[in-house]
Amino acid sequence: MDVLLRDYSDDFLAGLWLTLQLTGIGFVGAFVVGTVLAVFRISPIPPLRVAGTLYVELFRNVPLVTLLILVVYGLPYAGLNLGFYWSVILSIVAVGAAFACETLRSGINAVSTGQVEAARALGLTFAGICRELVVPQALRTVIGPIVTLFIGILLSSSLAAVVGMRELTATVAYINNREALGLTTFAVAAAIYVALSLGAAGFGSVLERRLRVLR
Amino acid sequence: MSAHALFDTQGPRGRATVRIVTMLSVVAAFALAALVYWQLYRTGQLAPSKWRTFIQPGTLRYFADALRNTALAALGAAAIGLPLGLVLALGRLSRRRWLRLPSTAVIELFRAVPVLLVIYVLMFALPAYGIRLSIYAKLVIPIGLCAAAVLAEVFRAGVLAVPRGQTEAGLAVGLREGLVMRIVVFPQALRMVIPALVAQSVVVVKDTAFGYVVSYPELMQSGKVLVANTNDLIQTYLVITLVYVVVNVLISAFAQRLERRMNRARGMGRVSILARVRRTAIQ
C-alpha cells in the first residue's frame, strides 16, 4: 500500500482521469445521439423509424470489444484514422446511444395516453405536447435508468484497456505487472469503481426524490 | 402510451411534410451508404479476394467451432451466475442481518466492477497466491460473478413483484415463513422472471467476447488468429459482428415471445420484469 501511494499515485490519478474523460464524453455523446434516435423512433416518418430500429438492434447486440477492434484497428484500413482516444469514444458512444435511445423511449411510453389526448383536445401542438407534457414527465421517470446507463458506460470505459489505453483498469494491471502487489492494487481500483457507481446512484435517487411527480 | 397518440392523422399539409422528410431521409441514407461503399471500395476492402475466405468450408468449420466455444463459455458463465444469483437474491431478501448484509455487499460490488477488472484479477493477481486457473475458468468465472450480481437483482425484483396477499395468505393458513417463500412466492416469482433471465443471457453472450483478452478460442479470439493469417481485419470482424447480432436478436425475440405468452396466460399485461430490469450491460 505504501509503495502504491509513494510511487504510483500519479499513475493512478492519470488512469482515473482518463476513465473519467471516457465516461463523461461517452455518456454525454450517448445521451445526445440516443435522444436523436429516440425522436427517430417515435416520429411519423417511416424510414427514420426503420433506421432507428436497425441502429438499436445492431449496436445493442454487438459486444463492445468487437466494435472497439473494428473501429480502432479496422477503420485505418478503410482510410479513416481517428487515433486511439477518439476511436474508443466513438465506440462507447455508438453502443451507449442504442441503450440511451431505449431508455428514453421507455420513459416516453410511460406517459399516459389520456394526458396526451387531453393536451391535444386543448389544442396543443406536437411541439407543445412534447415540451410541456412528455419530456418533463419522461425525463423524471427515466432518472433511475439513466443512472444505470451512466454506470454501464463507466464500466464499459474499462474496455479501452483491451486496445492498450491506460485507463484505470489497465493502470492497475500495469502496476501489478511491475510490483506484484497481489490483490491490493486491484482492490483499490474496485473501490474507486464502486465509489463512482454508488455516488452516481445516490445522486440519481436524490434527484428522483426532488423531482418526483405524483401520479 | 403508443407513439401514435403523439400526433394526429395528418392533413394535406402534414402529409406533404411527411413525404418531403421521408424523401430527404431516404436520400440521406443512400448518400451515407454510398459514402461508406466508396470509402471501402477505394481502399480495396471490397475486393473479392478479401471476402473469399468466408465461403471456404475450412473457414466455415473454423467459425462453427468458434461459435460452439462461445456457446460453451456462455453456458459455463450461466452455470455459475444462475445458482449464485439465486443464493445472493435470497440472502438479500432475508430478514437475518448476517445474511442480508454480505449478500448486498457482494451484489453491489460485482454490479459496480467491470468484468475486465475481475478477469485481470484472475489473470494477474491470483497466480501470485499460487492459484492458477485454466483459460476457460479465467473467462467464465468473471462473467459468471458479474452476471450473478445482476441476476440476483432480477430474482429479487421477481419475488418483490409477487403480490403481498400471497405471502399473507400463506402465513394465515399457518405455513412458516421459509415454506411460504418456497412453495408460494418463489414458484410464482420464477415464472415471472424467466423472460428477463433469457434476455439477460444476451449480456452473457456479449461478455464472452473477452475471450479475446484471455485467449480462449471463442469467436473474437478465433477472429484474432484468423486475421493474423489473412490480414482481412475489417472483413473478419464484420462477419463476427453479424454472427453476434443474429444470435442475440434471436435470444431477445425468444425472450419477448416468452413474456407475451406468459402475460396472456396469467392475464396480467403490466408486470414486466423484463422492462424493469433493463439490459444495460453496455459492454
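Chains A and B, in that order, are what the protein sequence lines are. For the first sequence, the numbering used here assigns the number 13 to the initial residue and increments by one for each residue that follows. For the second sequence, the numbering used here assigns the number 94 to the initial residue and increments by one for each residue that follows. The beta carbon of each residue, even a glycine, is placed where N, CA and C say it ideally should be.
Asked: Are R201 (chain A) and L180 (chain A) closer than 8 Å when you measure CB to CB?; Found: Reading off the sequence, residue 201 (chain A) comes out as Ala, not Arg. Yes, the pair counts as a contact, with Cβ atoms nearer than the cut-off.
Asked: Consider the Cβ of M94 (chain B): report whether some Cβ of chain A lies at a distance smaller than 8 Å.; Found: Confidence at M94 (chain B) is low in this model, with a pLDDT of 47, below 50, so the placement of that residue should be treated as unreliable; the coordinate-derived value is given next. Cβ-Cβ to chain A under 8 Å: yes for M94 (chain B).
Asked: With a threshold of 8 Å between beta carbons, is E352 (chain B) in contact with chain A?; Found: no
Asked: Check the Cβ of S118 (chain B) against every Cβ in chain A and list those closer than 8 Å, keeping chain order.; Found: I57, P59, L60 and A63
Asked: Over what stretch of residues does the alpha helix (DSSP H) that includes V295 (chain B) continue unbroken?; Found: F279 to D300
Asked: Could you give the DSSP three-state label for S187 (chain B): helix, strand or coil?; Found: coil
Asked: Using only CA atoms, which one of B:A282, B:A124 and B:V114 lies nearest to E246 (chain B)?; Found: B:A282
Asked: Which same chain residues, not among the five before or five after L186 (chain B), have their C-beta less than 7 Å away from its C-beta?; Found: R249 and V252
Asked: Helix, strand or coil: how does DSSP classify S315 (chain B) here?; Found: helix
Asked: State the Cα-Cα distance for the pair F24 (chain A) and T183 (chain A), rounded to the nearest angstrom.; Found: 7 Å
Asked: Could you tell me whether any Cβ in chain A is nearer than 8 Å to the Cβ of V318 (chain B)?; Found: no
Asked: Kindly indicate which residue of A:I165, A:I204, A:I141 and A:V174 has the alpha-carbon position closest to the one of I37 (chain A).; Found: A:I165
Asked: With a threshold of 7 Å on Cβ separation, who are the neighbours of E311 (chain B) within its own chain once the five nearest residues in sequence on each side are excluded?; Found: A159, N162, T163, A166, T301 and G304
Asked: Decide if P157 (chain A) is buried, meaning its Cβ has at least 16 other Cβ atoms within 10 Å, or exposed.; Found: buried
Asked: Looking only at C-alpha atoms, which of A:L210, A:L28 and A:A109 sits nearest to F43 (chain A)?; Found: A:A109
Asked: Would you identify the three-state DSSP class for T137 (chain A), choosing helix, strand or coil?; Found: coil
Asked: Could you pull out every residue in the same chain whose Cβ sits closer than 6 Å to the Cβ of S196 (chain B), ignoring the five residues on either side in sequence?; Found: L181, G184 and R185
Asked: What is the DSSP secondary structure of I224 (chain B), counted as helix, strand or coil?; Found: coil
Asked: Give me the residue from A:N188, A:L49 and A:G140 with the minimum Cα distance to L116 (chain A).; Found: A:L49
Asked: What does Y309 (chain B) touch in chain A if you count any residue whose Cβ is under 7 Å from its own?; Found: In chain order: nothing, as chain A lies at least about 13 Å away.
Asked: Does DSSP put D22 (chain A) in a helix, a strand or coil?; Found: helix
Asked: Considering only C-alpha positions, which residue in the set B:L326, B:I148, B:P207 and B:A122 is nearest to R61 (chain A)?; Found: B:A122
Asked: Using a beta-carbon distance below 8 Å, is F215 (chain A) in contact with chain B?; Found: no
Asked: On the three-state DSSP scale, how would you describe Q103 (chain B)?; Found: coil
Asked: Of all the residues that make up the region 73 to 89 of chain A, which are near chain B by a beta-carbon distance shorter than 8 Å?; Found: N73, V74, P75, L76, V77, T78, L79, I81, L82, Y85, G86 and Y89
Asked: Give the DSSP-derived three-state secondary structure of R53 (chain A) in the structure shown.; Found: helix
Asked: Taking one C-beta from the region 131 to 144 of chain A and one from the region 63 to 72 of chain A each time, how about it: are there three or more such pairs within less than 8 Å?; Found: no
Asked: Check the C-beta distance from V84 (chain A) over to V100 (chain A) and give it rounded, since I have them as a contact under 8 Å.; Found: 7 Å
Asked: Can you pull out the residues from the region 154 to 169 of chain A whose beta carbon lies closer than 9 Å to at least one beta carbon of chain B?; Found: P157, T160, L161, I163, G164, I165, L166, L167, S168 and S169
Asked: From the DSSP output, in three-state form, read off D158 (chain B) for me.; Found: helix
Asked: Given 8 Å as the limit, is there contact between the region 228 to 242 of chain B and the region 195 to 209 of chain B, that is, 3 or more CB pairs closer than that?; Found: yes
Asked: Would Q293 (chain B) pass as a contact of V243 (chain B) if the rule is Cβ separation under 8 Å?; Found: yes
Asked: Short of 6 Å in beta carbon distance, which residues of its chain neighbour K143 (chain B), apart from the five on each side in sequence? Order them along the chain.; Found: D325 and Q328
Asked: What residues of chain A sit near P207 (chain B), judged by a beta carbon separation below 7 Å?; Found: L167, S170, T181 and Y205
Asked: Using three-state DSSP, classify V123 (chain A) as helix, strand or coil.; Found: coil
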